[in-house]
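Engineer: Residue numbers (our numbering): 1203 to 1320. Positions of the beta carbon are idealized from the N, C-alpha and C atoms, including for glycine. Predicted, not measured: the structure shown is a model, and the values here were computed from it.
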Amino acid sequence: DLIAKGSADKASVVAASLAAFERKFQYFVANVDRMDTLFEASFSPLTAGGKPWCKCPRTHRFLQLIQSRPMRLYNKLTEEVHSLPQGGNLKLLTRTCPTPGCGFELSAYVIGVGKDSR
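(1) Kindly identify the DSSP beta-bridge partner or partners of GLN1266.
(2) ASP1235 to VAL1215, Cα distance in whole Å?
(3) Under a three-way DSSP split, which group does ARG1271 fall into?
(4) So, with DSSP's three-state summary, where would you put ARG1236?
(5) List the whole-angstrom C-beta distance separating LYS1253 from GLU1307, where the pair is believed to meet the contact cut-off of C-beta under 8 Å.
(6) Kindly list the residues whose CB is nearer than 7 Å to the CB of LEU1248, restricted to its own chain and excluding five residues on each side of it in sequence; keep chain order.
Spelled out as structure tokens, the structure:
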């Protein structure tokens, strides 16, 4: 529109457009891991069969424990994904987080099995 009205030359409009697309691309590259995690949880067949784990303090619905790697908690309602430590087992505790405003149920991360578990 600016070129047609004669208020801007073609080269400056093309340069501004290319710069805008480059910024968008750089933003995408910097944040693609978040999208990847969300899509992985959303489209994984295990998402539907995830094990109910603990209640979300905001929605009061159960978060699904997705046990395939990477292990994570998934909120079907908000589509939020919470990353979990890898290489161990989780044990749900009967307490909630004491941090004001948190409200998440606590889980213990267990390394190893048997008597030597920590």
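Structural biologist: So, to answer that:
(1) The bridge partners DSSP lists for GLN1266 are PRO1254, TYR1276.
(2) Whole-angstrom Cα-Cα distance: 32 Å.
(3) In this structure, ARG1271 counts as coil in the three-state DSSP scheme.
(4) The three-state reading of DSSP puts ARG1236 in helix, counting H, G and I together.
(5) Actually they are not in contact, since the Cβ atoms of LYS1253 and GLU1307 sit about 14 Å apart, beyond 8 Å.
(6) Since pLDDT at LEU1248 reaches only 48, below the 50 mark, its modelled position is unreliable, and the value read off the structure follows with that caveat. Here the set comprises ILE1268, SER1270.
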